[in-house]
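Here is the structure we will look at, set down as structure tokens.
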Amino acid sequence: MKDLLFKKILLVPVLMTGVFALFLSSCDKDKDDDSDGKSLAVTVNFSGTKVPSAGEQLMVVLVYSPLSEVDMENDGPDDILLHTLTANDITSGVTLTFTNIDPAKAEVYVAAFVDSDGDGSPGPGELLECYQDVSALDALTGKANATNVAGKKAITINLDQILTMPSLAVTVNFTGTKPEVGKELMVVLVYSPFSEVDMENDGPDKLLSHFLTGNDITNGVTLTFEDINPFAEEVYVAAIVDFDGDGSPGPGDLIECYQDKNALDILSGKAEATNVAGETAITINLDEIMTGPSLDVTVKFTGDLIPEVGDFLSVFVFYTKISELDLDGDVGPDFYVSVALTQSHIDNGVTVKLDEIDLDKPEIYVGATVDIDKNEGPTPGDLAEFFEDVDLLDAALDVARPENCHGLNSVVINLDQILTMPSLAVTVNFTGTTIPEAGNEMQMVLFYSSLSEFNPETDDPDDVLSHTLTPGDITGGITLTFTDINPFAEEIYVAVLVDSDGDGSPGNGELAEFYKDVSVFDVLTGQANATNVAGETAITINLDLVLEMP
96 MKDLLFKKIL LVPVLMTGVF ALFLSSCDKD KDDDSDGKSL AVTVNFSGTK VPSAGEQLMV
156 VLVYSPLSEV DMENDGPDDI LLHTLTANDI TSGVTLTFTN IDPAKAEVYV AAFVDSDGDG
216 SPGPGELLEC YQDVSALDAL TGKANATNVA GKKAITINLD QILTMPSLAV TVNFTGTKPE
276 VGKELMVVLV YSPFSEVDME NDGPDKLLSH FLTGNDITNG VTLTFEDINP FAEEVYVAAI
336 VDFDGDGSPG PGDLIECYQD KNALDILSGK AEATNVAGET AITINLDEIM TGPSLDVTVK
396 FTGDLIPEVG DFLSVFVFYT KISELDLDGD VGPDFYVSVA LTQSHIDNGV TVKLDEIDLD
456 KPEIYVGATV DIDKNEGPTP GDLAEFFEDV DLLDAALDVA RPENCHGLNS VVINLDQILT
516 MPSLAVTVNF TGTTIPEAGN EMQMVLFYSS LSEFNPETDD PDDVLSHTLT PGDITGGITL
576 TFTDINPFAE EIYVAVLVDS DGDGSPGNGE LAEFYKDVSV FDVLTGQANA TNVAGETAIT
636 INLDLVLEMP
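This is the structure we're talking about:
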């Protein structure tokens, strides 16, 4: 969730660039017109506290429509006069004359501007106003009307107004859960509804960031957005305290929109944020903690095996039946969270809130495991099961199916099942004429694939059990058990060999056979097939065949 909400991108839009863009080429179209136009002398005096410098350019622009109706970005003014200021101009004023005004026009509006930074368009801090002390910004936004000078021969502009963009002061008070000193406060501003903003890729239109002090937390803090887009009809503001320091809001963080509007409701379109366009100051009493939909998993320890303090409980989620996954590949759960157990957890249970999983998935399977043996797992001997009381291995083999938790808000796992891998007990009786002696080494070997391609000189069996025979073994038989059998093996073959001469390998005349009464030599040469014991838990080999090499 955290990756799908407010991405921490500081965008600084150049609001005024292009708004007043003075496309000189659009004015040149009239320069060669020889018609008998009217003239208008415009005297500009510099009468305010801000005085331009010699060398800066004065621009006087003329339009035939109200400024609020002119597409300055694409069309530019109808006429423009440019003049590089001298020291005398600044002290005594300067007169520039429009000589070709269209006599048919009933409306003529004039503004003067000093381009102090040389970028060709007005910006904050520069001199700009319309005739008769009308704010150019107010005229452009339709808040005021410029004075129509149609029919006049001369006008004077006392240029003293400094272009100031709108600002918005946002005071944030902490009226609920208090953040810690040093946590980051972010105040974000957007010019369209939050639900329509692609925060992940675009980010907010403006962002202010501040690391909180003790005084901020106690008394509140005010951050001010400068250079607000004056043409914006919608302005929405939200405040966030990033508790976990990951740079974006998430569960547990403080976040809300102006006027106590829940951010998640607004992002999802369930509610509308308050439009603050036109406001100069607002206050956010930040007390809402972000909470999302979650699945609460309570784990209790109800069996004979009880974990110890410090053991790690892992709660995991699969969005697909585990039996349908390729477990031979690098497959893990879709989500998991680990908790170091305390005595209270062990005695009373522990609840894990899964608030970052995708609850819209049609299948959600939840399980829990405790790493008892401290090996990366789960491994045999660990507590492990799916909800509801489904053995982890049975679920993997599709012998049993976990309950789908889609649509549930909470589940309880009584964790008492111990992960146990399949085993195979092999009993060997010595029933033939060749009888081993006490002290001989007996080996049981196990294979998970056909023996037709097995090379005894280069290949090894998949598992080996060794045992030194006793007199009791020889007379009464001996049982050895393969533990941790691969539960997914579709083929399992078992052979028994007795190393009578002690050379460490089968030799001519030594006892050796596959279950069930199949010659080792015949199996290795492809003349016979060993018996597949996959799925068996116990077998008996009556060992009476001896190895006869050709």
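My numbering numbers the first residue of the sequence shown as 96 and each following residue consecutively.
C-beta: ideal position from N, C-alpha, C; glycine also.
Output the distance between the C-alpha atoms of residue i and residue j, rounded to the nearest integer angstrom.
i      : j      : result
Ala625 : Thr474 : 30 Å
Asp598 : Asp468 : 37 Å
Asn253 : Ser287 : 38 Å
Val62  : Val316 : The structure shown does not extend to residue 62, since the chain spans only 96 to 645, so no value can be given for it.
Asp128 : Asn195 : Residue confidence is low: Asp128 scores 40 on pLDDT, short of 50, so the model does not pin down where it sits. Its coordinate-derived value is still stated next. Distance between the alpha carbons of Asp128 and Asn195: 8 Å.
Leu492 : Ile580 : 13 Å
Ala607 : Asp639 : 8 Å
Glu631 : Asp391 : 40 Å
Gly621 : Ser547 : 5 Å
Asn509 : Thr578 : 26 Å
Asp382 : Cys352 : 11 Å
Val613 : Ser600 : 19 Å
Lys301 : Thr464 : 45 Å
Gln256 : Asp348 : 44 Å
Gly342 : Ser304 : 11 Å
Ile175 : Val285 : 35 Å
Glu374 : Ala334 : 17 Å
Secondary structure at residue i, three-state DSSP: helix, strand or coil?
i      : result
Phe326 : coil
Ala629 : coil
Ile184 : One point to set straight first is that residue 184 is Asp, not Ile, in the sequence displayed. Three-state DSSP puts Asp184 in a helix.
Ile636 : strand
Glu224 : strand
Ile379 : strand
Ile513 : strand
Thr474 : coil
Thr622 : What sits at residue 622 in the sequence shown is Gln, not Thr. Residue state, collapsed to three classes: coil.
Ala231 : helix
Phe481 : strand
Glu321 : coil
Phe407 : strand
His501 : coil
Val641 : strand
Leu449 : strand
Thr179 : strand
Ser343 : coil
Gln354 : coil
Asn370 : coil
Asp558 : strand
Thr266 : strand
Cα-Cα, which of the options is closest to residue i?
i      : options                           : result
Lys611 : Gly602, Val628, Pro601 and Asn603 : Val628
Lys200 : Val506, Ala245, Phe616 and Pro531 : Ala245
Leu235 : Pro219, Pro261, Ala207 and Ser163 : Ser163
Ser561 : Phe306, Asp579, Thr308 and Gln538 : Gln538
Val507 : Phe269, Tyr204 and Lys448         : Lys448
Val641 : Ala590, Phe583, Ile196 and Asp455 : Ala590
Pro531 : Phe396, Leu619, Ile573 and Thr251 : Ile573
Phe269 : Asp293, Leu303, Ala495 and Leu307 : Leu307
Gly364 : Leu400, Thr375 and Ser290         : Ser290
Asn243 : Gly213, Tyr204, Ser216 and Asp255 : Tyr204
Val494 : Gly188, Asp214, Leu263 and Lys416 : Lys416
Leu541 : Asp486, Val615 and Cys225         : Val615
Asp406 : Glu367, Ala241 and Gln438         : Gln438
Pro583 : Asp322, Thr179 and Asp489         : The residue you asked about is not Pro; residue 583 is Phe in the sequence shown. That would be Asp489, whose Cα lies nearest to the Cα of Phe583.
Give me the DSSP bridge partner(s) of residue i.
i      : result
Val615 : Looking at the DSSP assignment, Val615 forms no beta bridge with any residue, so it has no partner.
Asn253 : Asn140
Ile196 : Lys133
Tyr460 : Phe413
Leu519 : Phe577
Met154 : Leu177 and Phe208
Lys278 : The partner list for Lys278 (beta bridge, DSSP) is empty, contrary to what the question assumes.
Does the distance from the C-beta atom of residue i to that of residue j stay below 7 Å?
i      : j      : result
Val461 : Phe482 : yes
Glu419 : Ala372 : no
Leu318 : Val265 : yes
Ala479 : Leu519 : no
Pro497 : Leu454 : no
Asn550 : Val593 : no
Ala231 : Leu222 : no
Ile350 : Thr272 : no
Thr651 : Ser134 : Shown here, the chain extends from 96 to 645; a query on residue 651 therefore has no answer.
Val276 : Gly309 : yes
Leu177 : Pro219 : no
Pro556 : Ala533 : no
Asn637 : Thr528 : no
Taking 6 Å as the line, does the beta carbon of residue i fall inside it for any heavy atom of the ligand NAD?
i      : result
Val593 : You won't find the ligand NAD in this model; it holds no ligand whatsoever.
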